[in-house]
Amino acid sequence: MILYRETMAKNIIRVVVVSIILVLHGCGARVADEEQDKRNQLAEYRSQMDELRQKIAQLEYELDNNSDRSRVNVELNDLKETVFEHFIEVMGRVQSDRNLIVRPEAAGNIVDILVKEGDYVRKGDIMARLNTNALDRSIQEMEVNLDLANTMYERQAKLWNQNIGSEVQYLQAKSNKESLERRLEGLQAQRAMAVVKSPVNGVVDEVIQKQGEMAGPSIPFARVVNVEQLYVTADVAERHLTSVRSGDSVSVRFPVLGTTRTETINRTSSVIDADSRTFRIRVEMDNPGNRIKPNLMAVLQLRTYRNPEALVVPSILIKQDFTGQFLFVAEEENGNYVSRKRYITTGLNHNNNTVVESGLYPGDKVITEGFAMVVDGTLLNVNN
Numbered sequence: 001m002i003l004y005r006e007t008m009a010k011n012i013i014r015v016v017v018v019s020i021i022l023v024l025h026g027c028g029a030r031v032a033d034e035e036q037d038k039r040n041q042l043a044e045y046r047s048q049m050d051e052l053r054q055k056i057a058q059l060e061y062e063l064d065n066n067s068d069r070s071r072v073n074v075e076l077n078d079l080k081e082t083v084f085e086h087f088i089e090v091m092g093r094v095q096s097d098r099n100l101i102v103r104p105e106a107a108g109n110i111v112d113i114l115v116k117e118g119d120y121v122r123k124g125d126i127m128a129r130l131n132t133n134a135l136d137r138s139i140q141e142m143e144v145n146l147d148l149a150n151t152m153y154e155r156q157a158k159l160w161n162q163n164i165g166s167e168v169q170y171l172q173a174k175s176n177k178e179s180l181e182r183r184l185e186g187l188q189a190q191r192a193m194a195v196v197k198s199p200v201n202g203v204v205d206e207v208i209q210k211q212g213e214m215a216g217p218s219i220p221f222a223r224v225v226n227v228e229q230l231y232v233t234a235d236v237a238e239r240h241l242t243s244v245r246s247g248d249s250v251s252v253r254f255p256v257l258g259t260t261r262t263e264t265i266n267r268t269s270s271v272i273d274a275d276s277r278t279f280r281i282r283v284e285m286d287n288p289g290n291r292i293k294p295n296l297m298a299v300l301q302l303r304t305y306r307n308p309e310a311l312v313v314p315s316i317l318i319k320q321d322f323t324g325q326f327l328f329v330a331e332e333e334n335g336n337y338v339s340r341k342r343y344i345t346t347g348l349n350h351n352n353n354t355v356v357e358s359g360l361y362p363g364d365k366v367i368t369e370g371f372a373m374v375v376d377g378t379l380l381n382v383n384n
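Okay, structure coming up:
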C-alpha cells in the first residue's frame, strides 16, 4: 500500500512538470510572433516614408519649374512726398452779443403793447407804453408855472434894463424861471422813460409781459435778438495752444442744419481755464437768411499740424508684431519682385492715413493690394 502511494505521487509530479514546460514553451512562441509583427510593421512604415519623400521631391521639382504658381498677385504704389494735415474737432455754441432782455426804465402799468413776437424792430422803435397820467398832469402844471415865470422874468428884465428896480429882483425872476425849466425837463424825461424802446436792431423773440400788468426796471418785458451777426465759441485743450492761433481758417459745421462754412478764428483766449485746462476761441460770422440761431450747437474742425513733404501711407497697411510696426514693400531681386518686411516709425494719423517718420523713403514701392497674403520673401506678380 505504501509502495502504491509513492508511485502515484511520482506520477503526479511528472504530470505537473510536463504541464509547466508546455506552458513556458507556448509563451515563448507568442512573444516571438509579436516581435516579428512589429518588424513587419516597421518595414511597411519605412516603405511609406520612402514613397512620401519621392512625392515631396516631385512636388518641389514641379514648383521650382513653374514659379508663377507660387507668386502672389499684388498692386504697388510708389511712395511720394505729399502734403499732410492733421485736424481736431471740438464742440462749440452759437451766441449773439445782441441777445437782450428789454426792461422799462420806469415803473408803471402797461397800457399799450405795439409789437408781437416775430416782429423786426430797429433801434429806438417804441415797443410799449406805460401809464403816465400822473406825470402828464405834473407836466401841464409845470408848463403853466413856467409861462408865469417867463412873463415875470421878461418884465423884470425890461425894468432892469431901464435901471428900474433892484438887481436882486431881476436875479430872483431869472433863477425861478430857470429852475422851473429844469424841473419841466426832468418830468419830460421821466415821461420818456415810460416808453419802452428797442435797444438794438433785431427780432422780437418773446414778449414776456401782457397789457395791464405792472412793469418796472427789475421786470423783464421782452427779448430782442439780432441774429444778423453771430459768433461761435469753443474750448480747445491747452496742448494745442501753439498750433491754434487767431487768423487761422476753421471749418464750422452745423449738424442740425446740415451745412458747413469756412470761417476765421477772430480771437483766442489769453487765459487757460484752471479746471478744464482749455482755452477759448471765438469765430465771428454773418448769418444770411437768419438760419443760424443763438445757442445752436456747432462742430469746429481745427488744423493742428501741416507738413508739405510728408510720407503718408494708408493706415490699414500698417501691422504690428513683437518687434514693432511694419508694412511690406516690393524689392527687385534677380529680375523678380519680392516682398520685404520693413519696420517703420509712425507719426500722426488722420482720415485713415498715417505719417511715416522713419523706415521708408521716397520711391519705395509699397504693397497696397494683396499685402495680407504675403510674408517676407514672397515672390510677387505685380498687376499694375
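Per the UniProt record's numbering, the very first residue in the sequence shown carries number 1; after that it's consecutive.
Virtual Cβ for every residue (Gly too), placed ideally from N, Cα, C.
- Excluding residues up to 5 positions away in sequence, L187 lie with their Cβ nearer than 6 angstroms to the Cβ of S138 in the same chain.
- For M152, the uninterrupted alpha helix (DSSP H) segment begins and ends at N133 to N161.
- Assignment of D119 by DSSP, reduced to helix, strand and coil, places it in the coil class.
- For Y343, the enclosing beta strand (DSSP E) begins and ends at N336 to Y343.
- For Q229, the uninterrupted beta strand (DSSP E) segment begins and ends at Q229 to A237.
- Rounded to the nearest angstrom, the Cβ distance from F84 to A310 is 4 angstroms, consistent with a contact under 8 angstroms.
- P314 sits in a strand when the DSSP states are folded into three classes.
- The alpha-carbon separation between V227 and N290 amounts to approximately 6 angstroms.
- For a cut-off of 8 angstroms, the C-beta gap from V204 to D136 is around 28 angstroms, too long to register as a contact.
- Per DSSP, R103 lies in no beta strand (DSSP E) and is assigned neither H nor E.
- A direct Cα-to-Cα measurement between A157 and N145 gives close to 18 angstroms.
- Between the beta-carbon of P217 and that of R103 there is about 6 angstroms, and that keeps the pair under the 8 angstroms contact cut.
- By the criterion of a C-beta distance shorter than 7 angstroms, L360 is surrounded in its chain by L79, L311, R342 and I344, once the five residues flanking it on both sides are discounted.
- Just so you know, the alpha carbons of W160 and R183 end up roughly 26 angstroms apart.
- Per DSSP, G359 lies in no beta strand (DSSP E) segment and is marked neither H nor E.
- Under the DSSP definition of a beta bridge, V203 partners with Y120 and V225.
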